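Heads up, this note's numbering is the position in the sequence shown plus 12, with the first residue counted as 1. Just so it is clear, CB atoms sit at the ideal spot from N, CA and C, and this is done for glycine as well. These numbers were taken from a predicted model, which means no experiment stands behind them. Data block below; observations after.
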Amino acid sequence: MAVEDIVIVGGGLAGATAAKTLRAEGFTGRVVLVSAEAHHPYLRPPLSKEYLLGKAAEEALPVVPAQWYGENDVELRLGVSVTGIDPAARTVGLGDGGRLEYGSLLLATGSSPRSIPLPGGGLEGVTTFRTVDDSRRLRASLAEGGRNVVMIGSGWIGMELAAAASTYGNTVTLLGHEEVPLGAAIGPELGGFFRSLHETQGVRFRLPASAAEITGQSGRVTGVVTDSGEVLPADLVVIAVGVAPGVSLAAAAGIGLRNGILTDASLRTDAPGVYAAGDVANALHPFTGEHHRSEHWSNALNGGKVAAEAMLGQDAVLDTVPYFYTDQFDVSMEYSGFPTLITGQPAIRGSLEAHEFIAFWQREGRVVAGMSVNWPRSSRPGAQKTIKALISARTPVSAEALTDPAVPLAELLPAP
13 MAVEDIVIVG GGLAGATAAK TLRAEGFTGR VVLVSAEAHH PYLRPPLSKE
63 YLLGKAAEEA LPVVPAQWYG ENDVELRLGV SVTGIDPAAR TVGLGDGGRL
113 EYGSLLLATG SSPRSIPLPG GGLEGVTTFR TVDDSRRLRA SLAEGGRNVV
163 MIGSGWIGME LAAAASTYGN TVTLLGHEEV PLGAAIGPEL GGFFRSLHET
213 QGVRFRLPAS AAEITGQSGR VTGVVTDSGE VLPADLVVIA VGVAPGVSLA
263 AAAGIGLRNG ILTDASLRTD APGVYAAGDV ANALHPFTGE HHRSEHWSNA
313 LNGGKVAAEA MLGQDAVLDT VPYFYTDQFD VSMEYSGFPT LITGQPAIRG
363 SLEAHEFIAF WQREGRVVAG MSVNWPRSSR PGAQKTIKAL ISARTPVSAE
413 ALTDPAVPLA ELLPAP
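Right, here's the structure in full:
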C-alpha cells in the first residue's frame, strides 16, 4: 500500500460513512475497510425499534447498498479481525495472517454489550443485545407472544426492548438499579413519564433491583431471582446494562485512552496518522471545551465524515450538537444537547399527560439540551431545529418563554 492509503477498522456507521466521504471528497487512493462482522456495514438504531418489530425490512439496514463498495473501489475485508496495530511502522495485523500498511488509520471499533457475571448466565434463553443477528434471534423469540420476559437494564435499549416485547404480547418485567427508569439520562419527572407509558401497556418494574441469580432447568432459563429474593418466571432474559467502548487495539498500541480513545476536535489521536470515530471516540467538543463520548448514531454519522475530511487535510471538527431518538409504543422522542451540562429540572412546553411536549434544560439561563415527544413535525421551525439553534446561540431565554405555548417557537430563536 502507498503511504497515502487509508485503512478503516470497524464496519459500523462511522467506518462506512468515512469510506463514503473519502470517495465523495475525491480521494483516489486505496481504501480498505476491515470488519469482524460478516455483514456489510449496517445501521443499529432500527435493531431495537422498527426492525425488531418487523416494521423495517432488511433493505433498510445497510449504510450504503452492497454494490456501492465495488463501484467505488472500497475494499471490504468482512469477517476478519484486527489483531494489532503498530503506529511506528504504520501497519495493521489481521486475523487471517495478513498485514496492511497505512498512511492514515481510522479506528471505528464501536462498542460491545456489557454483561453481568451471574450464576446461570450461560443458560439458553439468556442474551445480550447489540448486532443484527441478536435482533433477528430476539424477534423470533418474541414474535409469537405469550412468553415471560425479564429485562435487566433500565436505560434506553432496555426500555426499547421492553416496549417491543410487550407489543408482541409477552409479559415483561424490567429490573434496574435506578429509582426511576432513565432517571440518570433525563431525570425523575421524565423518567416517570416513560415508566407510566410502559405500565399502561402492562410492563412491570422492579426498581431499584438487581438480578442475583438466573435459574434454569435442562439447560434453559426458567427464572430470575432478584436481590430481594423475589423469583420472576422467565422464558427469556435480556441483559441490557450498557456497552463498553472497543479500546483493546488502541490500548495495546499505546494510544491515549480515557473513557474511550482520546481525540482532539478533528478526531486525531495522539498517535500520528491515527484517528478515532463513533462510539469509541472520546472527542474534544468545541462547544463545551470538554471531551464527550457518545454512543448514538448521529455521532457515528458525523464523526465518520469529520474523520475522513481531517485525514484528507481539511479543516474539519466535530462540532455538531449531539442528537438521538427513541420510539416506544405510541411515543416518538428526539433529544439534542449535552447531558453533562444539565442542572435542575426541565422547563416543559405542552402536556406530559397528552404525550405531546418539549422539555428544555437550561444552565445559567441558556438552553443546553432539549427533548421533544410527539411534537408535530409540521410545526415551523421544528422542535429539534429550535433546540439545536438555541443551544448553538448560547443566548439566555426565560423559562416562562420556553413553557408558554402562546410564544411561537420561532420567537425563541435569536434574531439573525
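Distance, Phe-205 Cα to Ile-399 Cα: Sequence index remark: in the sequence shown, residue 399 carries index 387 (1-based). Sequence index remark: in the sequence shown, residue 205 carries index 193 (1-based). Each residue's Cα considered, the two are about 21 angstroms apart.
Ordered list of alpha helix (DSSP H) runs contained in the segment 260-306, each at least 4 residues: 260-264
Rounded C-alpha distance that separates Arg-361 from Val-419: The residue you call residue 361 lines up with position 349 of the sequence shown. The residue you call residue 419 lines up with position 407 of the sequence shown. Rounded to whole angstroms, Arg-361 to Val-419 spans 10 angstroms at the Cα level.
Spatially closest choice to Ile-97 from Pro-193, Gln-229 and Ser-116, by CA coordinates: As a working note, residue 97 is residue 85 in the sequence shown. When C-alpha distances from Ile-97 are compared across Pro-193, Gln-229 and Ser-116, the shortest belongs to Ser-116.
Residue of Ala-48, Arg-42 and Ser-404 minimising C-alpha distance to Gly-258: Here residue 258 corresponds to residue number 246 of the sequence shown, with the count starting at 1. By alpha-carbon distance to Gly-258, the top candidate from Ala-48, Arg-42 and Ser-404 is Ala-48.
Contacting residues, own chain, Cβ-Cβ under 6 angstroms from Trp-373 (five flanking each side not counted): Counted from its first residue, the sequence shown places residue 373 at position 361. If we look at Trp-373 and ignore the five residues flanking it on each side, its Cβ neighbours are Ile-354, Pro-358, Val-380 and Ala-381.
Complete beta strand (DSSP E) runs within the segment 297-355 (minimum length 3 residues, chain order): 302-304, 335-340 and 343-349
Contacts around Leu-65, its chain only, beta-carbon distance under 6 angstroms, and the 5 residues preceding and following it disregarded: As a first step, residue 65 must be located in the sequence shown, where it is residue number 53. Apart from the 5 residues on each side of it in sequence, Leu-65 sits with its Cβ closer than 6 angstroms to the Cβ of Ala-176 in its chain, given in chain order.
Ala-366 vs Met-383 beta-carbon contact at 8 angstroms: Here residue 366 corresponds to residue number 354 of the sequence shown, with the count starting at 1. Here residue 383 corresponds to residue number 371 of the sequence shown, with the count starting at 1. Against a cut-off of 8 angstroms, the Cβ pair of Met-383 and Ala-366 comes out as no contact.
Cβ-Cβ distance between Glu-37 and Ala-320 below 8 angstroms: In the sequence shown, counting from the first residue as 1, residue 37 sits at position 25. In the sequence shown, counting from the first residue as 1, residue 320 sits at position 308. Cβ atoms of Glu-37 and Ala-320: closer than 8 angstroms.
Residue span of the alpha helix (DSSP H) that contains Phe-206, given as start and end: What you label residue 206 is simply residue 194 of the sequence shown in a count that begins at 1. It spans 195-212 - the alpha helix (DSSP H) in which Phe-206 sits, taken as one unbroken run.
Local Cβ density within 10 Å of Ala-14, reported as buried at 16 or more and exposed below that: Counting from 1 along the sequence shown, the entry for residue 14 is found at position 2. Per-residue confidence for Ala-14 stands at a pLDDT of 44, beneath the threshold of 50, marking its modelled position as unreliable; no derived number is given.
Start-to-end residues for the alpha helix (DSSP H) that takes in Val-144: Along the sequence shown, read from residue 1 onward, the residue named residue 144 stands at position 132. 144-154 is the span of the alpha helix (DSSP H), which, as asked, contains Val-144.
Separation of Glu-368 from Glu-412, as counted between CA atoms: Indexing the sequence shown from 1 puts residue 412 at position 400. Indexing the sequence shown from 1 puts residue 368 at position 356. Between the alpha carbons of Glu-412 and Glu-368 lies a gap of roughly 18 angstroms.
Option in Leu-421, Arg-216, Glu-376 and Ile-403 with minimal Cα separation from Ser-391: Here residue 391 refers to the residue found at position 379 of the sequence shown. When only C-alpha atoms are compared, the closest one is Leu-421.
Residues near Pro-426 in its chain [Cβ-Cβ closer than 7 angstroms; skip 5 each side]: To locate residue 426, count along the sequence shown from 1; it is residue 414. If we look at Pro-426 and ignore the five residues flanking it on each side, its Cβ neighbours are Ala-405 and Thr-407.
Residue span of the beta strand (DSSP E) that contains Ser-124, given as start and end: Stepping through the sequence shown from its first residue, residue 124 is reached at position 112. 123-125 is the extent of the beta strand (DSSP E) around Ser-124.
Start-to-end residues for the beta strand (DSSP E) that takes in Ala-120: Numbered from 1 along the sequence shown, position 108 holds the residue referred to as residue 120. That residue, Ala-120, is in no beta strand (DSSP E); it is neither H nor E in DSSP.
Nearest-angstrom beta carbon gap, Val-44 and Leu-90 [assumed within contact, 8 angstroms]: As a working mapping, residue 90 is identified with position 78 in the sequence shown. As a working mapping, residue 44 is identified with position 32 in the sequence shown. Contact doesn't hold; Cβ gap of about 11 angstroms is too wide.
Pro-298 to Thr-275 span [Cα, whole Å]: Along the sequence shown, read from residue 1 onward, the residue named residue 298 stands at position 286. Along the sequence shown, read from residue 1 onward, the residue named residue 275 stands at position 263. Going from the Cα of Pro-298 to the Cα of Thr-275 covers about 12 angstroms.
Start and end residues, alpha helix (DSSP H) containing Leu-244: Along the sequence shown, read from residue 1 onward, the residue named residue 244 stands at position 232. Per DSSP, Leu-244 belongs to no alpha helix (DSSP H); it is in the beta strand (DSSP E), 243-245.
Bridge partner(s) assigned by DSSP for Ala-223: The residue you call residue 223 lines up with position 211 of the sequence shown. Answer is Thr-238, bridged to Ala-223.
Leu-112, DSSP secondary structure in three states: Working through the sequence shown from its first residue, we reach residue 112 at position 100. Looking at Leu-112 - three-state DSSP - the assignment turns out to be strand.
Proximal residues to Ile-273 (C-beta, below 7 angstroms), its chain only, five neighbours per side dropped: Translated into the one-based positions of the sequence shown, residue 273 becomes position 261. The answer, listed in chain order, is Leu-119, Val-259, Ala-262, Ile-267, Thr-281, Ala-288, Val-292, Ala-293 and Asn-294.
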